[in-house]
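What follows is a set of notes on a single structure, which appears directly below.
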Amino acid sequence: MQPLDIVRASAWKRSLFTTYALSLSFFEAVVMDAFVRGGGRDPLILADTQGITHALAEQGARLVGREYELLPVHQNAGVFHPKISAFLDEEDAHLLVGSGNLTFGGWGGNAELLEHFHTGNAPRLFSDLADYLELLATGELVEIAAPERIMTFAEELRATISGKTDNGRVRLLHNAGQTIVGQLHEEAENLGGATRICFAAPFYDLDGRGVRDLANLLNCEDIWGYVHQGGEVQGVSSSNWPHDSDLTLRAGHISEAWASDQRRLHAKSVEIVCRSGRLLLSGSANATRAGLFGPNSEAAVLRIFPSRDQVWSISDCSPPPRQALDEQDDLEAGAEATKVLGAELQGSAVVGKVMGGWPFADGNLRCSIAGTTLDLGNVTVGDDGSFAQHSLEMADKAWQTGRIILTLSNGDIQASGFLSVKAVSDLAKRTGKTGPRILAILSGTETPTDVAAIISWFHEDPDRLPRASSTSDFGSKRPEEVQVELVSASAFAANYNVHDDHFTGAERESGLSYAMRALLDAFRATSGPFNEEAQAARDRGELDAGAEGDLVRDEQKNEQTLLTFGKLLSAAMASGHSGAHAEAMLALAHYLTDRIRPEPEQVLQWVDRIQRGCGGKISEELAQDLVALAVLQVANRPYEQQIQSTRRFLVRHGLINRLKNADAQRLPAMASVIPLQIKRSDALQKIVDARTCSEELQVLLSTPTEQELPPLPALEQHNLWSSLRLLHSDPGRRERLLTLEEPADACPRCNIVLATSAREDLRLLDVSKCTNGRCGRLIAVVGSDHEPR
């Protein structure tokens with residue numbers, strides 16, 4: 004089985020890769036492609052800072068920080084060297100442990116060793132891995148950008164092996180707690196002591212220190228080194244053989260099947276034959292002092308055999324020729340690395356940290372995105388390398404496709420790293436295949452097909468609609484979605500030791516909340532109709548057959564979108580939602596008006612349906628939109644019924660006092676489509692001058708009994724006027740009046756459902772009467788500015 008078979012085998016809910024050398028071009032083109040095809044999500048890479056330095060120079064990587072996360076790991080001494088791939092689904096986990104880095108060579112170009120396990124055959128191994136991850140996250144061996152994410156993965160890993168046990172003969176050895184050789188020594192003693200050691204590795208110390216020290220520790224004199232006929236991957240600071248050592252290391256060929264592989268050797272394995280058994284180690288550790296004893300961070304699988312039946316068959320040969328040290332993909336301790344930083348964009352706040360610290364108190368921050376460079380200004384840097392900067396320009400451009408590289412500099416010293424856009428990664432986690440289509444809208448590259456898919460996705464569940472008032476997710480919290488772990492801005496800041504008082508809550512909001520707010524803003528903006536140029540060419544008779552076909556297909560998609568939107572509108576504005584989706588639906592209606600240009604009457608019908616579905620709580624943005632639309636409605640239909648209806652809506656929702664601040668620039672697409680019969684200023688004045696039945700009722704109730712009533716034209720035309728005017732002269736009747744903030748279907752006193760005509764009077768004229776003969780009370784809608792009785 005190939006490693007890619009595991010990647011595409013299931014819709015993994017989480018995955019973790021650790022590597023030293025890193026090729027993001029390879030990861031995106033090969034691993035990420037297989038991962039997505041299999042339905043997986045949320046991949047996370049832990050990579051040594053030196054590997055990230057090489058990845059920064061690649062031009063092919065476009066998805067980093069968006070569709071997967073890359074966390075730099077700074078090894079305080081040595082390098083971060085394990086090669087692990089772990090995959091989790093709801094009830095199971097699979098694990099790959101080997102010698103291959105996350106590169107083209109490591110996943111096929113080199114001769115590598117790779118072990119595959121699942122929770123059913125080696126649960127102890129998964130427990131060891133969870134221990135290792137927790138030690139990495141909490142210990143002092145390495146510095147990880149966001150350790151709590153590693154802790155979360157470890158917890159989920161443990162959950163997959165709950166109640167499972169094995170015989171303990173397959174273990175994951177690492178040196179986060181004690182050295183690998185110390186653990187080998189203990190197991191070798193349990194098997195009666197070592198009698199032969201054979202190393203299979205591409206890299207040794209030139210003076211043989213690692214091999215000699217392990218042999219001395221195990222008190223073993225029979226020491227072999229495997230010579231691979233296909234040659235070895237070349238090293239920078241390590242050699243393919245201890246050529247400068249006086250150590251007696253016998254060169255040999257091994258009869259194992261993998262030894263016939265003619266690719267260059269990058270596999271690392273050690274066989275220790277003992278008096279009463281055999282140990283076989285395979286993983287990331289080379290035959291060097293740094294790999295076996297530290298300070299490198301390593302991980303390897305140890306198989307413990309209680310017999311010597313399957314020991315390697317070794318035959319003598321000549322040592323390999325000495326190689327010149329050259330550039331390759333597997334460095335060792337002591338190599339100088341360019342400084343690397345880790346950073347996230349949370350809302351409009353860039354929060355990050357230079358791994359390993361920064362020698363200055365400040366620096367200039369800039370980023371490279373979509374072929375342009377943004378100067379984010381000078382930033383203060385903490386003693387631990389942490390920094391934070393606010394940039395609206397950066398936040399706006401972050402929706403564009405492609406990687407974002409952040410660079411901090413001071414003089415000739417600089418640190419660089421990939422910027423993770425939390426809003427994009429959160430959106431991808433929570434929206435699945437619809438995520439890229441939403442991102443297309445945010446970046447202004449959407450097509451009619453994208454829009455049709457998004458509207459259908461919202462129609463499947465209107466609670467997916469964004470809400471500006473939401474703090475971290477879609478409108479209502481669906482159980483299966485809430486389980487997805489989101490890292491808060493505060494938690495991220497804590498890991499980077501950035502104080503929370505750097506930014507306001509809006510600047511530091513969660514990624515998904517920011518994405519949803521940005522989506523609402525995109526719906527309110529204008530981009531013009533789809534295919535405007537193609538439509539103009541068609542009108543001139545200049546459109547070729549191919550372009551005509553594309554235009555027809557897009558028009559069909561637009562028709563589908565409008566039909567689906569009508570169904571979505573009915574579902575989202577149903578009484579059960581209490582107007583919670585009004586803001587999103589109005590923004591969506593504006594967007595479709597801008598991009599598809601439906602008939603004005605259809606737009607006005609949308610507006611009317613949204614108004615009727617508005618609930619008691621209205622956000623500031625929605626309030627401004629509704630007031631602007633009210634003026635447009637009257638300017639379009641300056642008739643008494645429309646004026647009364649518009650003012651009634653504003654009064655009921657406490658918006659009447661906002662009329663004087665009505666913004667003619669809001670919802671520009673709707674303003675351009677809806678034809679006006681009178682000027683907006685005249686329409687506004689008509690609304691101001693009008694009075695609704697509820698307002699006149701307040702005048703009636705506030706007029707002293709001994710004082711004559713002023714003219715009340717709206718009430719005087721009501722069929723209940725004869726009963727209403729008695730409220731002025733008879734205090735007892737006033738006490739019996741029932742008032743509501745919003746129209747209701749039943750009498751608030753006796754709870755009897757009103758007759759249809761009575762319900763319509765209450766909705767359209769503010770005043771009605773209970774049709775229950777035993778009650779017969781007058782009922783009035785007085786709006787949200789008054790206390791109901």
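So for the sequence shown, our numbering puts the first residue at 4; every next one is plus one. Glycine included, C-beta positions come from ideal geometry on N, C-alpha and C.
Notebook entry, point to check: What's the C-alpha gap between Leu703 and His656?
Noted result: 21 Å
Item checked: Pro126, DSSP secondary structure in three states -> helix
Check: Quick one: what does DSSP say Gln701 is sitting in, helix, strand or coil?
Finding: helix
Checklist line | Cβ neighbours of Leu283 in the same chain (closer than 6 Å, five flanking residues each side left out) | finding: Glu274, Arg306
Note to self: Could you tell me the alpha carbon to alpha carbon distance between Glu158 and Arg44, rounded to whole angstroms?
What the structure shows: 18 Å
Next item on the list: Pull up the CB-CB distance for Leu822 and Leu91, whole angstroms please, since I reckon it's below 8 Å.
Entry: Outside the displayed span of the chain (4 to 792) sits residue 822, for which this structure offers no information.
Item checked: Backbone secondary structure at Asp542 - three-state DSSP -> helix
Check: Where Asp208 and Arg267 are concerned, what is the direct C-alpha to C-alpha distance, given to the nearest angstrom?
Finding: 19 Å
Item checked: For Pro601, three-class secondary structure by DSSP -> coil
Checklist line | Closest Cα partner of Gly618 within the set Asn299, Leu635, His584, Asn639 | finding: His584
Checklist line | Stretch-stretch touch, CB-based, cutoff 8 Å, three pairs: the stretch 92-105 with the stretch 141-154 | finding: no
Next item on the list: List the DSSP bridge partners of Asp92.
Entry: Answer by DSSP bridge pairing: none, since Asp92 is not bridged.
Next item on the list: Check the C-beta distance from Phe202 over to Val214 and give it rounded, since I have them as a contact under 8 Å.
Entry: 6 Å
Checklist line | Asp524 versus His593, Ala32, Asp553, residue with shortest Cα-Cα distance | finding: His593
Notebook entry, point to check: Does the beta-carbon of Asp399 have 16 or more other beta-carbons within 10 angstroms, so that it is buried, or is it exposed?
Noted result: exposed
Checklist line | Environment of Thr21 [buried if 16+ CB atoms lie within 10 Å] | finding: buried
Notebook entry, point to check: To the nearest angstrom, how far is it from the Cα of Ala50 to the Cα of Ala667?
Noted result: 53 Å
Note to self: To the nearest angstrom, how far is the alpha carbon of Gly1 from that of Ala60?
What the structure shows: Any answer about residue 1 is impossible in this case: the structure gives the chain only from 4 up to 792.
Margin query: Going by DSSP in three states, Leu7 sits in which element: helix, strand or coil?
Written below: helix
Margin query: In this structure, how does DSSP classify Arg253 when only helix, strand and coil are distinguished?
Written below: strand
Checklist line | Rounded straight-line distance, which links the Cα of Leu635 to that of Ala761 | finding: 29 Å
Next item on the list: Please report how far the alpha carbon of Ser725 lies from the alpha carbon of His731, in whole angstroms.
Entry: 11 Å
Margin query: Using CA atoms only, rank isn't needed, just tell me which of Ile444, His462, Lys682, Val184 is closest to Ser573.
Written below: His462
Item checked: CB of Gln680 within 9 Å of CB of Pro641, strictly -> yes
Next item on the list: Note down the Cα distance separating Phe296 from Gln181, rounded to an integer number of angstroms.
Entry: 9 Å
Checklist line | Three-state secondary structure (DSSP) of Pro439 | finding: helix
Margin query: For Phe156, count the other beta carbons within 10 Å of its own beta carbon; 16 or more makes it buried, fewer makes it exposed. Which is it?
Written below: buried
Check: Hey, is the stretch 119-130 in contact with the stretch 163-177, meaning 3+ C-beta pairs nearer than 8 Å?
Finding: yes
Check: Quick one: is Thr708 buried, meaning 16 or more other Cβ sit within 10 Å of its Cβ, or exposed?
Finding: exposed
Note to self: I'd like the list of long-range same chain contacts for Leu546, defined as Cβ closer than 8 Å, with 5 residues on each side in sequence excluded.
What the structure shows: Ala537, Ala540, Leu554
Notebook entry, point to check: Under the three-state reduction of DSSP, which class applies to Ala14: helix, strand or coil?
Noted result: coil
Checklist line | Ranges of the beta strand (DSSP E) found wholly within the stretch 229-274, counting only runs of at least 3 | finding: 253-257
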